[in-house]
Amino acid sequence: MNNESDNNKFSTSSKNSETKGMTIIVKTITRIIAGFIFLYGWYIVFHGHLTPGGGFAGGVILCASFVLLILSFGATEIRERTSSIFSSIFESLGGLLFLLVILLGFFTGAFFFTNVLPKGTPLKILSAGVIPIANIAIGIKVGAGLLSIFIAFAALHYIMKE
Amino acid sequence: MIELFILVTAMLAAAIVAIEIKDLLASAVAMGIVGFSVAIMFILVQAPDLAIVQIVVEILTVVFFAAAILRTTHTDDTIGKGIQSESIFPVVTFFIFGTLFLVLAIYAIKDLPQFGEPIMKVSNFYIENGLPHTGAANLVAAIILDYRGYDTFGEAVVLFTSVLGVLTIMRMKGKL
Amino acid sequence: MILFIGCILLIVIGLYAIVTKRNLIKIAIGFCMIEYGINLLFAFIGFKKNSLAPIITNINTPKNFVDPIPQALVLTAIVIGLGTTAVMVSMIIRIYEKYKTLDINEIRKLKG
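Protein chains in written order, with numbering that gives the first Met the number 0: chain S, 0 to 161; chain F, 0 to 175; chain X, 0 to 111.
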């Protein structure tokens, strides 16, 4: 990277404020609400078989809470690299968990996507067999995947510079 | 139904603004207006699952476009240069094929069921038997994770591939 | 009928951006417009008048729901659309770093 492109960098990593992030107002509000957004994402994921939502919506909300943190606090080089590695690991873990849920029906002697676990009472949180587990897997996978895409846009600038 | 007409009109106006404006950041924001109108219409046609996903995905899309615009350039230099000789052929092509597409699409729409009266042959089976078969109260979750699970699995593969593609393209160290 | 034509018009606007615009970001926005138009058309086709969202809240109530299949199809399509948009945007960033312009005619002339 040469100096010309430094002027046009992404706003969280502009020239003088690489670690500072945004103003104190944004940081205070973010400190209060980012945890609630994270909890809301997990709520959407866990209640995916009872209420609107599910793995896709919850995963994207989980990703949005981290995006809010990175945008408001800025990101140092080390934190970017570790979060990039961690999000990649979590994405692979989510994908493998989903594959395991699929293969569970195969291993028990039926076909793919068999609902092998007991159904439980309807309209309760512990019901629907493997659907909540598959929702959790998809939530982890979608959230971590989109977060690693965002980190690639916002942060890999520094990793590439080495 | 009047609110749907208003929202469709606003969506089309925002789409035209997004394409014709000179400032690229304003263009991305106008695209956000289109996406949020779509989200509100999803709520009005009783699709809350889609509305939640569309709202958050739209936020992330605008963030991605803002990242690209802040890293590249803010103004669209191709607008306001007047008509050049190179741009005549695409415009003529668009008017021929766009009109053809519009006419054929309107003919096709006449064969679709009327708005508000869908044909629900398969859906009635899912609605009647979804809760006893799968145990999930949310029928959309029952369909995407049980009846049509291969669709979701393919989606997971596509998302993994796109993450892989983005990381490969953005990490490329070779000659710039 | 008119609402369906509205969705088709959004698709045509996206097509216009893809074919005639010369800025790469405008072309990517055109792809997003086509995606929204198709998603909205699917959601409109599945709508049933005076019905509820397809979520069972009480086992004994009559099941008067909208069509859940288009919603299930569109739900995956929205997230896939975000993935493809991300790939497009990353390619745009790389092209700008190489050619220092977003005009596709200029890029064609430069021939790096």
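Cβ coordinates follow ideal geometry from the N, Cα and C atoms, glycine included.
Test: residue i CB closer than 8 angstroms to a CB of chain F
i         : result
PHE46(X)  : yes
PRO61(X)  : no
VAL25(S)  : no
GLU3(S)   : Because GLU3(S) sits at a pLDDT of 41, beneath the cut-off of 50, its placement in the model cannot be relied upon, and the following sentence gives the value as read from the coordinates. GLU3(S) does not count as touching chain F.
SER126(S) : yes
GLY176(S) : There is simply no residue 176(S) to check, as chain S begins at 0 and stops at 161 in what is shown.
LEU101(X) : yes
ILE101(S) : yes
PHE3(X)   : yes
ILE37(X)  : no
Beta-ladder partner(s) of residue i, from DSSP
i         : result
ASN137(F) : ILE54(X)
PHE64(X)  : LEU51(X)
GLY22(F)  : According to the sequence displayed, residue 22(F) carries Asp and not Gly. Bridge partners of ASP22(F): THR74(F).
GLY115(F) : LYS47(X)
The ligand PLP heavy atom lying under 7 angstroms from the CB of residue i
i        : result
ILE88(S) : As for the ligand PLP, it is missing from this structure, which has no ligand bound.
Enclosing alpha helix (DSSP H) for residue i [first to last residue]
i         : result
ALA76(X)  : 67 to 98
GLU34(X)  : 23 to 44
LEU101(X) : Segment: none, LEU101(X) is in no alpha helix (DSSP H) and carries neither H nor E.
THR50(S)  : Here THR50(S) belongs to no alpha helix (DSSP H), and DSSP marks it neither H nor E.
LYS109(F) : 87 to 110
LEU125(S) : Taken as a continuous stretch (DSSP letters only), LEU125(S) belongs to no alpha helix (DSSP H), as it is neither H nor E.
LYS118(S) : Here LYS118(S) belongs to no alpha helix (DSSP H), and DSSP marks it neither H nor E.
SER161(F) : 148 to 170
GLY138(S) : 130 to 153
PHE18(X)  : Reading off the sequence shown, one finds Val at residue 18(X), where the question assumed Phe. Residues 1 to 19.
Residue i versus the options, residue with shortest Cα-Cα distance
i         : options                                       : result
VAL73(X)  : VAL90(F), ILE51(F), ILE18(F) and LEU69(F)     : ILE51(F)
LEU49(F)  : GLY52(S), HIS48(S) and GLY47(S)               : GLY52(S)
ILE32(F)  : GLN45(F), ILE42(F), ALA13(F) and GLU19(F)     : ALA13(F)
VAL157(F) : LYS20(X), GLY45(X) and THR84(X)               : THR84(X)
ILE58(X)  : ILE132(S), LYS123(S), LEU146(S) and GLY144(S) : LYS123(S)
PHE35(F)  : ALA9(F), THR74(F), ARG70(F) and GLN45(F)      : ALA9(F)
VAL16(F)  : VAL7(F), LEU69(F) and ALA27(F)                : ALA27(F)
GLU34(X)  : PHE64(X), MET0(X), GLU96(X) and ILE12(X)      : ILE12(X)
ALA151(S) : GLY148(F), LEU101(F), VAL162(F) and LEU23(F)  : VAL162(F)
PRO69(X)  : ILE10(X), PHE46(X) and LYS62(X)               : PHE46(X)
THR26(X)  : LEU101(X), ARG107(X), GLU105(X) and LEU109(X) : It is worth fixing the name first, because residue 26(X) is Ile in this sequence and not Thr. Closest by alpha carbon: LEU101(X).
ALA127(S) : LYS120(F), ASN137(F), VAL37(F) and PHE124(F)  : ASN137(F)
ASP75(F)  : ARG21(X), TYR15(X), ILE1(X) and LEU2(X)       : ARG21(X)
SER86(F)  : THR60(X), TYR98(X) and ASN104(X)              : ASN104(X)
ASN128(F) : LEU8(X), PRO67(X), ILE7(X) and ASN38(X)       : PRO67(X)
MET40(F)  : ASN123(F), PHE4(F), GLY97(F) and ILE95(F)     : PHE4(F)
GLY34(S)  : LEU98(S), LEU116(S), GLY47(S) and LEU68(S)    : LEU68(S)
Nearest-angstrom beta carbon gap, residue j and residue i [assumed within contact, 8 angstroms]
i         : j         : result
ALA135(F) : ILE130(S) : 5 angstroms
VAL78(X)  : VAL139(F) : About 14 angstroms; that fails the 8 angstroms criterion.
PHE159(F) : GLY94(S)  : 6 angstroms
ILE43(S)  : GLY57(S)  : 4 angstroms
VAL86(X)  : PHE64(F)  : That pair is no contact at about 13 angstroms.
LEU111(F) : GLY5(X)   : Rounded, the Cβ-Cβ distance is 14 angstroms, inconsistent with contact.
Any C-beta of chain S under 8 angstroms from that of residue i
i         : result
ILE58(X)  : yes
VAL56(F)  : yes
ALA85(X)  : yes
ILE51(F)  : yes
LEU51(X)  : no
PHE124(F) : no
VAL180(F) : Examination of residue 180(F) is not possible in this model, given that chain F is present from 0 through 175 alone.
GLY129(F) : no
VAL73(X)  : no
VAL65(X)  : no
ALA12(F)  : no
is_contact[residue i, chain X] using C-beta, thresh 8 angstroms
i         : result
PRO121(S) : yes
GLU116(F) : yes
LEU175(F) : With a pLDDT of 44 at LEU175(F), under the threshold of 50, the modelled position of that residue is not reliable, and no figure is offered here.
LEU145(S) : yes
THR50(S)  : yes
ILE148(S) : yes
PHE55(S)  : yes
LYS14(S)  : Note that LYS14(S) scores 45 on pLDDT, short of 50, meaning its location in the model is unreliable; the coordinates nonetheless yield the value given after this. Output row for LYS14(S): interface = no.
LYS8(S)   : For LYS8(S), the predicted model reports a pLDDT of 43, less than 50, meaning its position is unreliable; a value from the coordinates is still stated below. LYS8(S) does not count as touching chain X.
GLU154(F) : yes
VAL141(S) : yes
THR11(S)  : Low confidence applies here, because THR11(S) scores a pLDDT of 42, under 50, leaving its location unreliable; read the following figure in that light. Taking Cβ atoms only, chain X never reaches closer than 8 angstroms to THR11(S), which makes this a no.
ILE15(F)  : yes
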